[in-house]
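Under my numbering, the first residue of the sequence shown carries the number 33, and numbering increases by one thereafter.
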Amino acid sequence: MQPIFRNLLLASVILLFAACSQPNTQGKLIPKEAAFVIQVDGKALSSKLSWDEIKQNPIFKDAATDNAVPAAMKVILKNPDSAGIDTKTDLIFFALKDSSGAYVAFEGTIKSEDQFKTFIKTFAANGTESEADGVKFISKPPFCAGYTKDRFVYLFDAPQMSTMDALSKRMQQDSIDIAPAKARDIAATCKAVFALKESNSLAKNDKFTNLLKESGDIHFWLNTEELSKDALSNAMLAMVNLDKLYKGSLITATLNFDNGKINIAAKSYVGDDLAKLYKKYGDGKVSEDMLKRMPGKDIIGLIAIAYQPEGIRQLLKMTNTDGFVNMGLTNAGFTMDDFIKANKGDLVVGVSDLSMKTDSVHNEFSYLKEKPVFNFVFAASVGDKDAFNKLINAGKKMGAKEMGDSSKAPFAYSYNGTYFTIANNKENADKYLAGTNTNVDFINKISGQPFGGYLNIHLLLKAFEKEAGKDSSTSAVYDASLKLWDNLLFKGGDLKDGAITQSVEINMVDKTTNSLKQLNQYAAKLGEIYKVKRDKEKAAEMAYDNTIPSEDVVAKPVKIK
Numbered sequence: 033m034q035p036i037f038r039n040l041l042l043a044s045v046i047l048l049f050a051a052c053s054q055p056n057t058q059g060k061l062i063p064k065e066a067a068f069v070i071q072v073d074g075k076a077l078s079s080k081l082s083w084d085e086i087k088q089n090p091i092f093k094d095a096a097t098d099n100a101v102p103a104a105m106k107v108i109l110k111n112p113d114s115a116g117i118d119t120k121t122d123l124i125f126f127a128l129k130d131s132s133g134a135y136v137a138f139e140g141t142i143k144s145e146d147q148f149k150t151f152i153k154t155f156a157a158n159g160t161e162s163e164a165d166g167v168k169f170i171s172k173p174p175f176c177a178g179y180t181k182d183r184f185v186y187l188f189d190a191p192q193m194s195t196m197d198a199l200s201k202r203m204q205q206d207s208i209d210i211a212p213a214k215a216r217d218i219a220a221t222c223k224a225v226f227a228l229k230e231s232n233s234l235a236k237n238d239k240f241t242n243l244l245k246e247s248g249d250i251h252f253w254l255n256t257e258e259l260s261k262d263a264l265s266n267a268m269l270a271m272v273n274l275d276k277l278y279k280g281s282l283i284t285a286t287l288n289f290d291n292g293k294i295n296i297a298a299k300s301y302v303g304d305d306l307a308k309l310y311k312k313y314g315d316g317k318v319s320e321d322m323l324k325r326m327p328g329k330d331i332i333g334l335i336a337i338a339y340q341p342e343g344i345r346q347l348l349k350m351t352n353t354d355g356f357v358n359m360g361l362t363n364a365g366f367t368m369d370d371f372i373k374a375n376k377g378d379l380v381v382g383v384s385d386l387s388m389k390t391d392s393v394h395n396e397f398s399y400l401k402e403k404p405v406f407n408f409v410f411a412a413s414v415g416d417k418d419a420f421n422k423l424i425n426a427g428k429k430m431g432a433k434e435m436g437d438s439s440k441a442p443f444a445y446s447y448n449g450t451y452f453t454i455a456n457n458k459e460n461a462d463k464y465l466a467g468t469n470t471n472v473d474f475i476n477k478i479s480g481q482p483f484g485g486y487l488n489i490h491l492l493l494k495a496f497e498k499e500a501g502k503d504s505s506t507s508a509v510y511d512a513s514l515k516l517w518d519n520l521l522f523k524g525g526d527l528k529d530g531a532i533t534q535s536v537e538i539n540m541v542d543k544t545t546n547s548l549k550q551l552n553q554y555a556a557k558l559g560e561i562y563k564v565k566r567d568k569e570k571a572a573e574m575a576y577d578n579t580i581p582s583e584d585v586v587a588k589p590v591k592i593k
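Listed below in structure tokens is the structure:
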């Protein structure tokens, strides 16, 4: 990465964390085709975490005294306001893919035009200056800054963002054509952003407007339709109607840093065809009875889904993939009708009682190895019993072909006509059917909608305590992580105002301190650990170098006459 790009990107991140407040015209300088947008309510963030607290990070302190860091960057590290940017207003990042690859933009409000110009010239020394329609520009590829008396936009050329698309196309076409994308005129691109008509921006986009109205420390906008356009150009994918899944697709989300937890509220917008299908078949509710049957002392993770099986058939028809699927099912020994009749539409998958076990490995060399041991359960509600028996028999035949002796299979199943379950052993499969009534407190938090889930991060980490203790740095990171993370809850699936809603709650062990402060303290701890590890490595390198004789003390070869 070029130094100018790296330093400007770092400066943008610094200013992002120092930012505040929220104008209502954010979309005017964002093209409507933007692949993603991140808007930060700096006023809210700065009330939860001050810049002085951020500066306590050991890595931050090192950067402030590092001779390799430009002087202008050190000034920003000390006081972000010195860049002439009003860090008491919102900051926005966005990215856009186009025929020249992609570019990333960072925009906000100017507090001092003179300070801003000085800051930009520090990074773009000898850059080209110009002015058009009251907007001033300073460009030095791959960077350009445009600004008025109250608004600025940094633009960074980012051709790397199109690399994966190019690689994908070459693989699809079995070609080694690696012709680069058209070179970007970064100044012209920056001027085009300022010249955007409202109709070509997000200023009048109702969904973007509604997103910004929602309470959130950070707002996210992900245009999945734009991101998927290159994939849909694949000739093989053109045989099916996958555009039905992507047309009109969009994800918006808000993130809030609350005391002891991080809350995320998201909406997934879909096209008209998929919305109609979801409205008709997506109104299931996760079964609490199935959740409470989960056996095990310590539940590590669990996912539950409720759906209408007929919706799967209609989705396959809509995407023209039903023919392929029907052929596969027929070869397996049953039909789509059998599958739909057999299933009632409830699924639960869970993992519990995770631990690490020492196991011996024997091949060319014999050694001991730690491997995870856990209980798992997969359960499904049963519709028509005869149809479900047909699915079971088909599964038995496929299993016999794959494994031969079914008694050696690493799982077992049980079936009582109401539920079908697969588990790591027969005991757990039978326990699920018997109904263990595991009434843990998270069940009511993930039920009531079409899907829900739970992950106990704390228990997951504790299972690897022995492994983490083998190295001092790893052990320190492990201890810091164990003190921070508790669990994660998510649920969603309801259709509201044309969007499928989801919510995520990330809980921390400390329930009283704001989560943003805790993340900053965690980052500071990791920075301290990294610094200690780096210093040890440098000392070891120096000690090793001192053991190597210098050239002037190496004995010269003696010629033998």
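We put the CB at the ideal spot given by N, CA and C, even for glycine.
Backbone CA spacing between lysine 172 and glycine 159 [nearest angstrom]: 5 Å
Classification of threonine 545 by the beta-carbon crowding that lies within 10 angstroms, buried from 16 upward: exposed
Separation of leucine 287 from threonine 353, as counted between CA atoms: 36 Å
Alanine 336 to valine 414 span [Cα, whole Å]: 15 Å
4 or more residues per run - each alpha helix (DSSP H) lying fully within the stretch 331-355: 341-350
Aspartate 529 CB to nearest heavy atom of the ligand MN below 8 Å: By its list of ligands, the structure shown contains no ligand whatsoever, and the ligand MN lies outside what it can speak to.
Start-to-end residues for the alpha helix (DSSP H) that takes in lysine 299: No alpha helix (DSSP H) holds lysine 299; the beta strand (DSSP E) holding it covers 293-301.
Secondary structure, alpha helix (DSSP H): runs of 4+ residues fully inside the stretch 470-522: 475-478, 489-494, 497-500 and 504-516
Residue burial classification, asparagine 99 (beta-carbon count within 10 angstroms, cutoff 16): exposed
CB of lysine 293 within 9 Å of CB of methionine 540, strictly: yes
Closest residue to valine 542 among Lys276, His251, Leu551 and Ser535 (Cα-Cα distance): Residue identity check: residue 542 is aspartate in the sequence provided, not valine. Comparing Cα positions, the closest option is Leu551.
Range covered by the alpha helix (DSSP H) that runs through lysine 324: 320-324
Minimum C-alpha distance to alanine 177 - residue among Ser446, Ala220 and Gly316: Ala220
For asparagine 242, the first and last residue of its enclosing alpha helix (DSSP H): 238-245
Minimum C-alpha distance to glutamate 537 - residue among Glu139, Ala285 and Ser504: Ala285
Distance, phenylalanine 148 Cα to phenylalanine 125 Cα: 18 Å
Unbroken beta strand (DSSP E) run spanning glycine 133, endpoints: 133-141
Assigned secondary structure, threonine 154 (DSSP; H/G/I helix, E/B strand, else coil): helix
Inter-residue spacing [alpha-carbon to alpha-carbon] between methionine 359 and alanine 127: 42 Å
Residue burial classification, valine 318 (beta-carbon count within 10 angstroms, cutoff 16): buried
Identity of the residues DSSP links to threonine 286 by a beta bridge: His251 and Ala297
Beta carbon of glutamine 534 nearer than 9 Å to that of serine 281: no
Glycine 303 vs glutamine 340 beta-carbon contact at 9 Å: no
Option nearest aspartate 182 by Cα separation, candidates Lys168, Thr390, Phe175 and Asp473: Lys168
Exposure label - threonine 450; buried when at least 16 CB within 10 Å: exposed
Residues near aspartate 391 in its chain [Cβ-Cβ closer than 6 Å; skip 5 each side]: Lys401 and Lys403
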